[in-house]
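In this note's numbering, the protein residues as written are 95 to 532.
Read through the structure below, which is laid out as structure tokens, and then see the notes.
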Ligand code: S3P
């Protein structure tokens, strides 16, 4: 969405110290807008992520007639219109860089009485959508994509949806959530089986809004005919954003950082599990439950990491954290091997290739494979990195500078604002010497 070219220039070395609360959870923020809009009554959200991705979801619901107020920073008040109260938007809904918005909305909007078109930026326009449009078509939805199965999506209104049972071929929370949201409008029962556990924020939040769902093992089912009752939501800090400073504090000697109020949902803590396997010193403090989501303060102290073979069952639980985990691997002693992660090739960028290219530029041996990467720990040099407009690549290489022996320049960083708008100020506050140029 942001078109201005922004570059980061990061000085090498440093230590991370202090306590901070990173930006709100992106997945939970998206879902809070969607379910709040479809609920009956007024939903109050705090800790909302003010990122471009979640603001795109917010704007989409405003465009469909939902009154949404912003009483203060990170606070959102939604006057829900009920499951059948959305109105046709006047124009295509522009979802910017946000795959989550597009995939979840494709399910939700398949059940409406009006036609709608979903568009996105250059990166989103390259991302695969058949993973949602194929099962939605099986339910009776009418959606057109480009010939290669990419956006724009043209969704026809007034389709009669019928519940299906879908065995997901890939472990994807976006696909699961898309079908559950379509299931709110489908006749009978819709159920989804996942090949491996993925984030379950949709399931948890549907229950917080009083909507019954069934969970048995790896299968989730939902029936239409229920109602969502407005509720209050406290969005925890995003472990995917915390991950940058978890790795930063682990690799920069002398570091001691506490990250506050971070969501530690078991379907999201792959980064914590993987870093611990690598020898990281991570403590969970004040563990508590906040509105159905587990939360803790996370204290990280520097330690010598070692290379590992990353267990494949951790991949879906750390799917967004691999760019910065590759930086951890580059700073570890020995070899780190990742397999079973082909999904990384269809994120905001091809994260396997883009990270391998960047690490090689910095003098690290990083060999991409079809479904992962092999990284040899070593001494990071300075250099210029192209982030390809991928927020998590830009932030990962900012963290890499903590162990580089010369400055790192990172190109095309504007999209950091999609998920972590105050990354630069927080990084500086904790001890990274970072300049930003437009
Ligand atoms: C998300 C699911 C994941 C993740 C994305 C957010 C969600 O995508 O990468 O950033 O909020 O459901 P996949 O379902 O494609 O793995």
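The beta-carbon is built from N, C-alpha and C at its ideal position, and this holds for glycine as well.
Note that the structure is a prediction, hence the values are computed from the model and not measured.
Less than 9 Å between the beta carbons of residue i and residue j, yes or no?
{"i": "residue 244", "j": "residue 221", "result": "yes"}
{"i": "residue 508", "j": "residue 100", "result": "yes"}
{"i": "residue 131", "j": "residue 180", "result": "yes"}
{"i": "residue 151", "j": "residue 230", "result": "no"}
{"i": "residue 538", "j": "residue 427", "result": "In the structure as shown, the chain starts at 95 and stops at 532, and residue 538 therefore has no counterpart that could be examined."}
{"i": "residue 227", "j": "residue 247", "result": "yes"}
{"i": "residue 418", "j": "residue 330", "result": "no"}
{"i": "residue 178", "j": "residue 204", "result": "no"}
Taking all protein chains shown into account, do 16 or more other C-beta atoms lie within 10 angstroms of the C-beta of residue i, making it buried, or fewer, making it exposed?
{"i": "residue 492", "result": "buried"}
{"i": "residue 379", "result": "exposed"}
{"i": "residue 188", "result": "buried"}
{"i": "residue 40", "result": "One cannot answer for residue 40 here, as it falls past the ends of the chain, which runs 95 to 532."}
{"i": "residue 289", "result": "exposed"}
{"i": "residue 191", "result": "buried"}
{"i": "residue 497", "result": "buried"}
{"i": "residue 488", "result": "buried"}
{"i": "residue 490", "result": "buried"}
{"i": "residue 481", "result": "buried"}
{"i": "residue 182", "result": "exposed"}
{"i": "residue 473", "result": "exposed"}
{"i": "residue 238", "result": "exposed"}
{"i": "residue 240", "result": "exposed"}
What's the C-alpha gap between residue i and residue j?
{"i": "residue 551", "j": "residue 483", "result": "There is no way to answer for residue 551, as the model of the chain reaches only from 95 to 532."}
{"i": "residue 286", "j": "residue 196", "result": "19 Å"}
{"i": "residue 460", "j": "residue 447", "result": "10 Å"}
{"i": "residue 116", "j": "residue 254", "result": "42 Å"}
{"i": "residue 374", "j": "residue 407", "result": "19 Å"}
{"i": "residue 456", "j": "residue 450", "result": "10 Å"}
{"i": "residue 529", "j": "residue 120", "result": "25 Å"}
{"i": "residue 251", "j": "residue 281", "result": "16 Å"}
{"i": "residue 148", "j": "residue 155", "result": "11 Å"}
{"i": "residue 321", "j": "residue 431", "result": "46 Å"}
{"i": "residue 499", "j": "residue 104", "result": "11 Å"}
{"i": "residue 533", "j": "residue 135", "result": "One cannot answer for residue 533 here, as it falls past the ends of the chain, which runs 95 to 532."}
Could you give the DSSP three-state label for residue i: helix, strand or coil?
{"i": "residue 451", "result": "helix"}
{"i": "residue 122", "result": "helix"}
{"i": "residue 301", "result": "helix"}
{"i": "residue 188", "result": "strand"}
{"i": "residue 201", "result": "helix"}
{"i": "residue 421", "result": "helix"}
{"i": "residue 375", "result": "strand"}
{"i": "residue 428", "result": "coil"}
{"i": "residue 112", "result": "strand"}
{"i": "residue 154", "result": "helix"}
{"i": "residue 270", "result": "helix"}
{"i": "residue 278", "result": "coil"}
{"i": "residue 127", "result": "helix"}
Checklist entry - Which residues have a Cβ closer than 5 Å to any heavy atom of the ligand S3P, listed in chain order? => result Result (chain order): 121, 194, 266, 267, 268, 413, 414.
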